[in-house]
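Read top to bottom, the protein sequences are chains A and B.
Read in order, the letters of the first sequence are residues 5 to 264 in this note's numbering.
Read in order, the letters of the second sequence are residues -3 to 174 in this note's numbering.
What follows is a single structure, written as structure tokens, with notes after it.
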Amino acid sequence: MKSPMMLQLAELDPARDLTSPGRADDDALAAILDTPRRATPIRRSRRPAVLAGAAAAAVVAVAVVVTVASPGAPPAFAGWTAVPTVLSDAETAARAAPCDTSAHTITDGPDGPQVEDVPISPVLAEQRGEYTYVLLTGDGAVGECLVTTQASGASDVVTGDTVPPAGPAVPGPRDVTTLQAGTASWSEGDTGDGALTSAYGRAGAEVAAVELTLTSGERVQATVHDGWWAVWAPGEAALRDTAEATFTDGTTARFEVAEK
Amino acid sequence: MVDDTGARALLTQMWVDQHEAVTRFVARRVQPALVDDVVSETFLVAWRRLGDVPDDPKPWLLGVARNVLATHLRTHGRWRALGVRLEREPEPSKEGTDDLAADRADLRRAWEMLSDADREVIALVAWDGLTTVEGARVLGVRPSTFSVRLTRARKRLLAYSGLPSETASVLRKLQEAR
């Protein structure tokens, strides 16, 4: 027996006009039936250090794909360059437009998970080929966003956000700190599977350049901008964990790309 | 253990019978672009755990879909979107000015004031057409717990919809300030 209120409520059902009968010849069903019934784990790439470090407020930082409209996106990172083009603040703002403007902390509460939004805004953006990487920060939270621009003008956006356990402390003039380093991968959206390795952190006022090395041996230049540094490379575990900083006086120092 | 031919037949039947119900359940909770993925992933879980699926698969499937959604939205950093949506607000001109339309507007406003948890129990009954026992199975709680939640949620919905809109918005602000 339904009350009049429940019946009235039924009219407000957003899906009441949705018809979606299951067809035995549906391709989506065929795809499921083609998979082995023994479970293969769905890949959820997390950055282990972050999950381990954030015990109380379990901070989730996984890269995800939000497809804006992009039929036939390229599967690999064709055109990626080891030397980035650093974008001006104005360009950064424009390129960051499709990125999330808030990071999210999730804590378990008595009524289930509680979400808190932390507003973030771009601090750094760099371009490698057709890929724009944007680092966004705000009140202890950090977001990453990779925008792939198609020739048609459509774009794919991959984002992840986190609240690093250490928090982005203001570095000393010759300090280079790492807030996060590791693989982010995704398996959704029209882009299909993808993975990249990124690292970012704070850079002191006298840090002029940061250079890392790919596991292949190739040198890759990070972007240093406004007290932050960041770098990314295609694929999983693509970066070695030592890097070199060059200071404004021309001297250099090696440092570990490791989360504190 | 179900043999392979039997398994294919079982899942195909489940797909034919339950695809629409699962799709609607999911469509109320995420943006359209994600619906098909979540539905497929739900049936994929059923395929891999066919032995666990009870004779009445619908509540089980909706429960799985709910978990898939939570995982998706958590990884998407948009957990908040899990809340059940309401039909898009109609344009004022189409809403009309008669009593029925006014009732609907009250109800909509009241619905928007409910917590996500309240909306969820009500939606399972009003929209998914589930019984208390089935709804409880979706949420993984005891039927008595579900009944209590449903009763409270309905009381709140009724109370909110009977309030003049100014009082209602004050009440809502108080709730948010809690």
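We treat Cβ as the ideally placed atom computed from N, Cα and C, and that holds for glycine.
Item	Value
Which whole runs of the alpha helix (DSSP H) in the segment 185 to 244 of chain A are 4 residues long or more, in chain order?	none
Hey, quick one: how far does the alpha helix (DSSP H) through residue 131/A stretch, first residue to last?	Element bounds for residue 131/A: not the alpha helix (DSSP H) but the beta strand (DSSP E), 125 to 132.
Note down, in chain order, every chain B residue with its Cβ under 8 Å from the Cβ of residue 12/A.	99, 100 and 103
Since residue 24/B contacts residue 19/A with CB under 8 Å, what's their CB separation in whole angstroms?	5 Å
Return helix, strand or coil for residue 16/B, following the three-state DSSP convention.	helix
Can you find the residues in the same chain that come closer than 7 Å, C-beta to C-beta, to residue 14/B, ignoring five residues on each side of it along the sequence?	53, 54 and 57
The segment 23 to 43 of chain A: which residues have C-beta closer than 8 Å to a C-beta of chain B, in chain order?	23, 24, 25, 26, 27, 28, 30, 32, 33, 35, 36, 37, 39, 41, 42 and 43
Which residues of chain A have a Cβ atom closer than 8 Å to the Cβ of residue 36/B, listed in chain order?	32, 35 and 36
Is the beta carbon of residue 16/B sitting closer than 8 Å to the one on residue 24/A?	yes
Can you tell me where the alpha helix (DSSP H) holding residue 96/A begins and where it ends?	93 to 99
If the cut is a Cβ gap below 8 Å, which residues of chain A does residue 154/B touch?	9
Going by the beta-carbon positions, is the gap between residue 235/A and residue 246/A smaller than 8 Å?	no
Residue 210/A to residue 233/A, Cα distance in whole Å?	12 Å
What does a CB cutoff of less than 6 Å around residue 250/A pick up in its chain, not counting 5 residues either side in sequence?	212, 213 and 256
Could you tell me the boundaries of the alpha helix (DSSP H) in which residue 35/A lies?	31 to 37
Taking 8 Å as the threshold (beta carbon to beta carbon), is residue 12/B in contact with chain A?	yes
Between which two residues does the alpha helix (DSSP H) holding residue 146/B run?	139 to 157
Verify whether the separation of the beta carbon atoms of residue 100/A and residue 161/A is less than 8 Å.	no
When the Cα of residue 105/A is compared with those of 91/A, 94/A and 142/A, which residue comes out closest?	142/A
With a threshold of 6 Å on Cβ separation, who are the neighbours of residue 145/A within its own chain once the five nearest residues in sequence on each side are excluded?	107, 122, 124 and 167
Which of the three DSSP states, helix, strand or coil, is assigned to residue 81/A?	coil
Please tell me whether residue 39/B and residue 6/B are closer than 8 Å, where the distance is taken between their beta carbons.	no
For residue 140/A, list the residues DSSP reports as bridge partners.	126/A and 147/A
To the nearest angstrom, how far is the alpha carbon of residue 117/B from that of residue 42/B?	23 Å
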